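Structure record follows, encoded as structure tokens.
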Amino acid sequence: MQTMHLTLPVGAFGWDNNPLTEDEFRARIEALRAIMTARGWAGVIVFGDIPESGLLTYVSNFAPRLSPAFALIPLTGEPEILSLDGGRMVDAGKETTWMTKVSPAAADLAGPMQEWLDQFGANPSIGLAGFEIMPAAIHGEIAGLAGIHAGADASLALAGLARCKSAAELAILRENCEMLSQAAVACTETYANGASAAAATIAAERAARMAGAQDVRCLYSVDGGNSFKPYQGADDGLGDPAIVYIALRGRGYWVDGFVTIGQSDAAHAAAASALEKAVTAIRAGRAVKETGSPSGHPLLAGSMGNGIGVSLQEAPRLDGGDDAFSAGDVVSVKIGVGDPSSGFGFASGLLHVGDTGNEMLWQS
Amino acid sequence: MNHQGRIDGILAAMAGAELDILFAFSPAAHHVDFGDGVALISGLKPLGPAFAALKAGGASALVVSPAWDGPRAEAGTRTDEVTATDDLAATFASMFANDLPASGRIGIADLGKMAHGTAAAITSVTGAECVDFSGQLFTLAARKTDEEIENARQATIIGEQTYQYMLEVAEPGMPECQLAADMKSHSRALGADDNFMMFHAEAHPLAVQPSGERRLEKGDLILAEITPSYRGQFSQVCRTACLGAPTDEQSDKYALVARAMNNGIAAARPGVPMKAICLGIDEVLRDAGYGEYCEPPYMNRRGHGLGVTSTAPGNVALRNETILEDGMFFVVHPNQYIPETGYFLCGEPILVQEPSAEILTTSRAVLGSIDI
């Protein structure tokens, strides 16, 4: 879900306290290398920007906070980070990743990129991940380099690896769901004490941040779910019920959900019922279209949710298509039902899809 | 100057450049060091990728994504028309493919910040010979509107209150990232729509950097670059506080840096170049024997403009020859490394006016002390 991007995320980004081990990241790199070998890629370049850094974080734990960055992963040898930040930010970035080499490229991106590509000889075959979100000005600096000019799309392959969550990743996601619960409680209690929906939204954001979230992005509605907006400052609107969307990232992993605050209405009850039905239908191997028809609310853009993890929106997209759920998926199921005159109700849940059964990680 | 006055200035500049239409783009990846042409023209801080169009006759349009952000855009924009879409490039083509002048009469701002696929699709409609109007557009917004100045004042109040809050809650053992998060949340509750919080602490800091997970210790110098945004206008308050009583040397050196800042601010008035402020700061520090630390790698800039609409007039730096004008707003921060004590953050937001710049903060930077 698109939300307002806030500058410079603050939170626990450090590598030293990260629950994921270097072995876990190296296993990811080896899985990627198996794909590289199969496809004949000499290396993979992974791009991440501040608003969206999922694939970069997946291979490195590095999350850009002030400028974009690249992970450069050769078929053999040590991977490294190339950051578009300058000196002090690069030092701060080094503290967030297991990769030992983090180099600045603020003054010259093409030079060090070419130098890295040169190790593979002339016209190497390179996989490119995350390049679809790359700003045109950055792309223009490197698009002509041999290897990148004819680079192959590696986003889908890498996202495919990121889709299946490990036990350690699930542990982080469970902790993040606990943060989400704390945020929801703060939101509900603040509203119950007479505060506005905007103030309740900020209370949710604060609770998540104080619980350790790296980033929190919220939207709220005070017109029966017809429209949503980010917090833009004081706003007396109550809604009753008001609907708050909370997305938070902890240790590189996103969780999200809707919270209905105030007097629950028929639309919310209908959404909760539809959520129950959808969740029951989700099984490993089953096509997403068997989950039900996508919600009609514009906020959900023709889907009932999506996979979630290092990115807020991963595969599978619950859009009524033929993609199937896989064991290891964590999906964020979102329901928005109703109509503009009587109002919309929202309900959501986070579900881990297992081989033999599912685990509900969080439910609104 | 009001918003329409700024638009009139842009239209005049477009006429001078023989432009029939101007397109300003925004990826909505907001940044304290970047302007946002969409916010500048429309008055709306975009949530997703967006563009604003301004025709030579004054007609204007805003196109935002995603489509569901339409109601917010309609409520907040000052353009004549609003369109909300989930496909920005396709909407651009449908609106303008049959209604564009030759490339040379089209001005473009910040297309390079858009995702390259989107930018390529738009360029296929406009042609590749458009005039890059980015620099001129943001320079034209170097003087803030009355509304932006009022918003800067509010942002400054939030910044000062956030610093006072920090003095109340900071204590040894607290992870610095948690304190930064607390301050960010506090400023949001005070009405900030954003807060760029560069925040760092250690006993002898070499520079300020994003907060980490290190726990605060007695004797730390806490560096707080508090940068709230109110209704889309950033302000910045730079402060340093000692966790525990500061030493006499720390207090003396901080007073030196504050004196240098004040000497720089004293030079800020309409008609003088921006670099004069930097020279004023350096003069005091060089006289005190710290000339070496007025050069890179210790020093790059002594302040900067503040977005979201425009970061003009740019950096407070020796290379900035920009002549200051009434209504320009930026932060002056010596933010100096002193070898005996470490790095100090010391900075105030100022508004250039006759006869001398107005410092927007109500209390001036002094080395803070946190009782423990």
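Residue numbers (the numbering used here), protein chains in the order written: chain R, 1 to 364; chain A, 1001 to 1372.
Ideal Cβ placement from N, Cα and C applies to all residues, glycine included.
Note that the structure is predicted; figures quoted are calculated from it, not measured.
Closer than 8 Å by C-beta to residue i: which residues in its own chain qualify, once you throw out the five before and the five after it? Chain order, please.
i	result
residue 1306(A)	1032, 1152, 1227, 1233, 1234, 1235, 1236, 1329, 1330, 1331 and 1349
residue 1317(A)	1274, 1275, 1278, 1300, 1301 and 1302
residue 120(R)	42, 43, 74, 126 and 147
The beta strand (DSSP E) spanning residue i covers which residue range?
i	result
residue 1055(A)	1050-1055
residue 245(R)	242-250
residue 100(R)	No beta strand (DSSP E) holds residue 100(R); DSSP gives it neither H nor E.
residue 1109(A)	1106-1109
residue 254(R)	253-261
residue 15(R)	Note, residue 15(R): premise wrong, no beta strand (DSSP E); not H, not E.
residue 1197(A)	1194-1202
residue 1364(A)	Where residue 1364(A) is concerned, there is no enclosing beta strand (DSSP E), given that its DSSP letter is neither H nor E.
residue 1081(A)	1081-1084
residue 1240(A)	1237-1243
residue 359(R)	358-363
residue 221(R)	215-221
residue 334(R)	330-339
Quick one: Cα of residue i to Cα of residue j, how far?
i	j	result
residue 1131(A)	residue 308(R)	41 Å
residue 173(R)	residue 57(R)	15 Å
residue 282(R)	residue 190(R)	34 Å
residue 1374(A)	residue 1367(A)	Nothing can be reported for residue 1374(A), as the shown portion of chain A is limited to 1001 through 1372.
residue 1376(A)	residue 1059(A)	In the structure as shown, chain A starts at 1001 and stops at 1372, and residue 1376(A) therefore has no counterpart that could be examined.
residue 130(R)	residue 25(R)	18 Å
residue 1055(A)	residue 1175(A)	52 Å
residue 1047(A)	residue 232(R)	11 Å
residue 377(R)	residue 169(R)	The requested residue 377(R) does not occur in the structure, where chain R is confined to residues 1 to 364.
residue 42(R)	residue 36(R)	7 Å
residue 1255(A)	residue 1271(A)	29 Å
residue 333(R)	residue 1327(A)	50 Å
residue 1084(A)	residue 1093(A)	14 Å
residue 175(R)	residue 1334(A)	42 Å
Answer yes or no: do residue i and residue j have a C-beta to C-beta separation smaller than 7 Å?
i	j	result
residue 1204(A)	residue 1289(A)	no
residue 71(R)	residue 64(R)	no
residue 85(R)	residue 66(R)	yes
residue 208(R)	residue 183(R)	yes
residue 1278(A)	residue 1302(A)	yes
residue 1044(A)	residue 1076(A)	yes
residue 1188(A)	residue 229(R)	no
residue 203(R)	residue 1191(A)	no
residue 1040(A)	residue 1141(A)	yes
residue 1086(A)	residue 1067(A)	yes
residue 177(R)	residue 361(R)	yes
residue 206(R)	residue 247(R)	no
residue 1186(A)	residue 1165(A)	yes
residue 197(R)	residue 220(R)	yes
residue 1213(A)	residue 12(R)	yes
Ordered along the chain, which non-local residues of its own chain (more than five positions away) have a Cβ less than 7 Å from that of residue i?
i	result
residue 340(R)	226
residue 153(R)	128
residue 1369(A)	1241, 1242, 1245 and 1246
residue 1372(A)	1171, 1172, 1218, 1243 and 1244
residue 1322(A)	1273, 1274, 1313 and 1314
residue 1363(A)	1160
With respect to 6 Å, is the separation between the Cβ of residue i and the closest non-hydrogen atom of the ligand PLP below this value?
i	result
residue 280(R)	In terms of ligand content, the structure shown is empty, and the ligand PLP therefore cannot be addressed.
List, in order along the chain, the chain B residues whose C-beta lies closer than 7 Å to that of residue i?
i	result
residue 228(R)	The chain inventory of the structure shown lacks chain B, comprising the protein chains R and A.
In terms of residues, what are the limits of the alpha helix (DSSP H) holding residue i?
i	result
residue 1164(A)	1146-1169
residue 1280(A)	1275-1287
residue 1038(A)	1037-1042
residue 1184(A)	1176-1189
residue 114(R)	110-118
residue 1248(A)	1248-1266
residue 1096(A)	1088-1096
residue 172(R)	167-192
residue 279(R)	266-281
Fill in: Residues, ordered as in the chain, of the segment 1014-1031 of chain A that lie near chain R by beta-carbon distance below 7 Å
1027, 1028, 1029, 1030 and 1031
Worksheet item: In the segment 1276-1302 of chain A, which residues sit with their C-beta less than 9 Å from some C-beta in chain R, listed in chain order?
Response: 1297 and 1300
Item to complete: Note down, in chain order, all residues in the segment 81-107 of chain R with a beta-carbon under 8 Å from any beta-carbon belonging to chain A.
Response: 87, 88, 89, 91, 92 and 95
Worksheet item: What are the residues of the segment 36-52 of chain R that lie near chain A, defined by any Cβ-Cβ distance shorter than 7 Å?
Response: 49, 50 and 51
Worksheet entry | Residues of the segment 1111-1126 of chain A whose Cβ lies closer than 9 Å to any Cβ of chain R, in chain order | 1111, 1112, 1113, 1114, 1115, 1116, 1117, 1118, 1119, 1120 and 1123
Item to complete: Check distances from the C-beta atoms of the segment 1069-1092 of chain A to those of chain R and list, in chain order, the residues that come in under 7 Å.
Response: 1071, 1072 and 1086
Practice prompt. Taking a Cβ distance cut-off of 8 Å, strictly less, list which residues of the segment 298-323 of chain R are near chain A, in chain order.
Written response: 298, 299 and 301
Item to complete: Compile a chain-ordered list of the residues in the segment 1198-1212 of chain A whose CB is closer than 9 Å to at least one CB of chain R.
Response: 1198, 1199, 1200, 1206, 1207, 1208, 1209, 1210, 1211 and 1212
Worksheet item: the segment 172-193 of chain R: which residues have C-beta closer than 7 Å to a C-beta of chain A, in chain order?
Response: none
Worksheet item: Of the residues that make up the segment 1048-1060 of chain A, which ones have a beta carbon closer than 7 Å to any beta carbon in chain R?
Response: 1048
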